[in-house]
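Below: one structure, written as structure tokens.
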Amino acid sequence: MKKWIHGEQHEFVDWFDTDGNVINTSDGGIIYAEGKYHWYGQALRALPYNDDAKWNGGAGTTGVVMYESEDLLNWRYEGVILACSDDPQSELYAPMRFERPKIIYNEKTKQYVLWCHYVRYPGGHGFEAGQGEAGVAVCDTVNGTYRWLGHLRPIDDKGVVRDCTLYQDEDGSAYFIYDRDISSYHGEMNRCLHIVKLSEDYLSCTSEYKRIDSAFRREAPAIVYRDGYYYMITSGLTGWEYNRAVYFRTRDLMGEWENMGDPCIDDNEQTTFCTQTTAIFRVVGRDDCYIHMAERHNTQNFLHCSYVWIPIHFGADHTISLTYQKEWKF
Ligand code: GAL
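Numbering (this note's numbering), first residue to last: 1 to 330.
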């Protein structure tokens, strides 16, 4: 078994686009459309993390950006697909956050639908209206200008939205999975992942939802399905700092999710190889090739976060694992 070299996991390594610029697309995902992979995420700023939200590099002033590639190696910048605004009246007035944006395609409406964890100006996480919401935007083309539809709190207004993801099932139904934070009602940290079924057009939530009890105080979820099981990899609650991943599995998205422990192999420091999960995508044209995208957040300069992608290994007994590899080929 290949072991990682101690120390390597702490390095920040830039990835560059075809123009030679540092790729800056945090906590998003990849969608395959029109014969290409499109990698999108929130563009962060070259600022250190501090308590003043206005100057925190995690509160963006650009918006959601996109890159395209045919081979997953060479990425061409496609531009801003959902922009922050400089109009103080706008919900998108910057600095603000489009955190953990995810895009899926709706076959029926022929629209690309984006959901994210929206945080209004000045981009500080809180409990008030606008400080932790599900944001929705839509577009007719994968890389066009997404139209902002607004924000909402799934289930009820009590539950503040933190980290989130989307999952599109094989039957075309789609789900918004989010860390529902009701701590302000409890006097202690009360956060749990919830899964909510979306409407047929994917633009709103239905009343069908489930509290994933086993995923208490977990965030950064990403889901993959294979051979009768759904797997969800998550991170613990340590802000931008990495921590030990835990994954869950179920045969029924709205059923019970079983805690399966840490998927990482030889992760000596139990830090998910110094990353937090971002998303999982499927490599087109290859059987069972799913890539776990994770991010090593650089809290001193968010422009230089590192992207760490590892193929998921599916075990014989319906388990999954991740083994760190400095370089790998298909
Ligand atoms: C993390 C979360 C990130 C971001 C960060 C800000 O817990 O995974 O998406 O919200 O906190 O502190």
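For each residue, glycine too, the CB sits at the ideal point set by N, CA and C.
Could you name the residues that DSSP lists as bridge partners for residue i?
| i | result |
| --- | --- |
| S69 | Y37 |
| K197 | Y175 |
| K210 | I195 |
| A137 | L114, W148 |
| S26 | Q42 |
| C164 | Y178 |
| T277 | A294 |
| K102 | W115 |
| T205 | Note that residue 205 corresponds to Cys in the displayed sequence, not to Thr. DSSP, once it has assigned bridges, lists L198 as partnering C205. |
| E219 | S235 |
| S85 | Y93 |
| Y225 | Y230 |
| V64 | Q42, L82 |
My assumption, with CB atoms under 8 Å, is that residue i sits in contact with residue j. Please give the rounded CB distance.
| i | j | result |
| --- | --- | --- |
| G97 | Y118 | It is worth fixing the name first, because residue 97 is Arg in this sequence and not Gly. At roughly 7 Å, the Cβ-Cβ gap stays under 8 Å, so R97 and Y118 are in contact. |
| F216 | M232 | Not quite, the Cβ-Cβ distance comes to about 13 Å (not below 8 Å), so this is no contact. |
| A279 | T165 | 7 Å |
| S184 | F127 | 4 Å |
| R218 | G236 | 7 Å |
| T323 | A294 | Incorrect: roughly 13 Å between the Cβ atoms, too far for contact. |
| W15 | Y307 | 6 Å |
| E34 | V142 | 6 Å |
| Y105 | D17 | Contact flag wrong, Cβ pair sits at about 24 Å. |
Quick one: is the Cβ of residue i within less than 7 Å of any heavy atom of ligand 1?
| i | result |
| --- | --- |
| D27 | yes |
| G58 | yes |
| A43 | no |
| R218 | no |
| E99 | yes |
| G239 | yes |
| Q131 | no |
| D163 | yes |
| Q300 | no |
| Q276 | yes |
The region 258–265 in contact with the region 315–325 per 3-pair CB rule at 8 Å: yes
Between the region 80–87 and the region 95–109, do three or more beta carbon pairs fall short of 8 Å? Segments in contact, yes.
Report yes or no: do the region 123–135 and the region 143–163 share at least 3 C-beta pairs separated by less than 8 Å? Contact between the region 123–135 and the region 143–163 is present, because at least three Cβ pairs lie under 8 Å.
Please give the ranges of any beta strand (DSSP E) in the region 235–267, keeping only runs that are unbroken, at least 3 residues long and fully inside the region. 246–250, 258–261
Residue ranges of each beta strand (DSSP E) run of no fewer than 3 residues wholly in the region 286–328, ordered along the chain? 290–296, 306–311, 320–323
Meets three-Cβ-pair contact criterion under 8 Å: the region 40–50 and the region 20–28: yes
When the Cβ atoms of the region 166–175 are set against those of the region 136–151, are three or more pairs found closer than 8 Å? They do not touch, by the three-pair rule.
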